[in-house]
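Trainee: Got a structure for you, written out below as structure tokens; questions coming shortly.
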Amino acid sequence: MLLFALLSAAVAPGVSLLTYLYLRDRYDSEPIHIVVRMFILGLVIVIPIMVIQRGLQLLLGDASLLFAYVESAGVEEFFKWFVLYHFIYHHAEFDEPYDSILYAAAISLGFATMENIMYAVFSSSSFTVMIGRALLPVSGHAIFGIMMGYYMGKAKFTSKTRYYLLISFLLPVFLHGTYDMILISVKANWFWFAIPFMIMLWIWGVKKMDRAHARSPYRLLTREDEVNL
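In this note's numbering, the protein residues as written are 43 to 271.
In structure tokens form, the structure reads like this:
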């Protein structure tokens, strides 16, 4: 019974955040089966990421900066970016800027959900710990995905394609690595730094989502036009 409660607590945050982001799609909702597929791919990439991270640690060591920005953030965000670019960037359903935000978040939340499940199963977790993970690591992966997706959308719908593709990878790595460095560097009372950092990122992320909606080609359609699409 306890394991079931922990697994529920592990899965619920990712699914809840993904539902929230899906419902924020104001103008042209994405096919749910593609969103679910990206979430599942996020679950699947955990295994190769863990193998590569372990190999890098054995090869390079685990100094704080190296671990935070390369072995943790670099590897994880690269795999998410790779999936987003190769499965979504050229997809016909990617037809407005918000779409890549949703799909990137789906991949990130799939990854975070599998991480949570493994944490619940293989470590001595309590329900309180899982709530804490929902507020920080899972929420963090969601916002890293939002940033990745926002700039992937800029790459798709502006002329500076290569520039924004690079930003769509490097910015999530920087934010993710900075979050990890906070946890590594501040041993006591780290939450006094991590929580304000996460609140700042969510304020920024909501603004990015609003900007993506403002650039939607469907924004100017009338209700009658939408029906006739």
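All C-beta atoms in this analysis are idealised placements derived from N, C-alpha and C, irrespective of residue type, glycine included.
May I have the straight-line CA-CA distance separating Thr249 from Ile185, to the nearest angstrom?
Mentor: The sequence shown places Lys at residue 249, not Thr. Their Cα atoms are separated by approximately 12 Å.
Trainee: Measure how close the beta-carbons of Tyr111 and Gly219 come, nearest whole angstrom, since I'm counting them as under 8 Å.
Mentor: 4 Å between Cβ atoms; contact.
Trainee: What separation, rounded to the nearest whole angstrom, lies between the Cα atoms of Leu271 and Ala254?
Mentor: With a pLDDT of 46 at Leu271, under the threshold of 50, the modelled position of that residue is not reliable, and the figure given next carries that caveat. Leu271 and Ala254 have their C-alpha atoms roughly 21 Å apart.
Trainee: For the alpha helix (DSSP H) holding Trp234, just list the boundary residues, first then last.
Mentor: 233 to 256
Trainee: Out of Ile89, Met190, Leu217, Tyr64, which one is the CA nearest neighbour of Leu207?
Mentor: Among Ile89, Met190, Leu217, Tyr64, the Cα nearest to that of Leu207 belongs to Met190.
Trainee: Just the Cα atoms here: how many angstroms apart are Ile82 and Leu178?
Mentor: 21 Å
Trainee: Measuring only the C-alpha atoms, how far is Asp252 from Ile237?
Mentor: 23 Å
Trainee: Please report the straight-line C-alpha distance between Arg79 and Val117, rounded to a whole angstrom.
Mentor: 21 Å
Trainee: Ala51 by DSSP, collapsed to three states: which one?
Mentor: helix
Trainee: If you compare alpha carbons, which of Glu113, Ala154, Leu59 is closest to Leu100?
Mentor: Glu113
Trainee: Leaving aside the five residues before and after Ser258 along the sequence, list all residues of the same chain whose C-beta is less than 7 Å from its C-beta, in chain order.
Mentor: Tyr69, Glu138, Pro139, Tyr140
Trainee: By the three-class DSSP mapping on this structure, what secondary structure does Glu138 have?
Mentor: coil
Trainee: What residues in its chain sit with their C-beta under 8 Å from that of Thr203, if we drop five residues either side in the sequence?
Mentor: Ala197
Trainee: Considering only the alpha carbon of each residue, which of Trp246, Phe153, Phe109 lies closest to Val125?
Mentor: That would be Phe153, whose Cα lies nearest to the Cα of Val125.
Trainee: Taking only the alpha-carbon atoms, compute the straight-line gap between Leu60 and Ile188 and give it to the nearest angstrom.
Mentor: 11 Å
Trainee: Go through its chain and collect everything with a Cβ distance to Arg66's Cβ below 7 Å, but skip five positions before and after it.
Mentor: Met251
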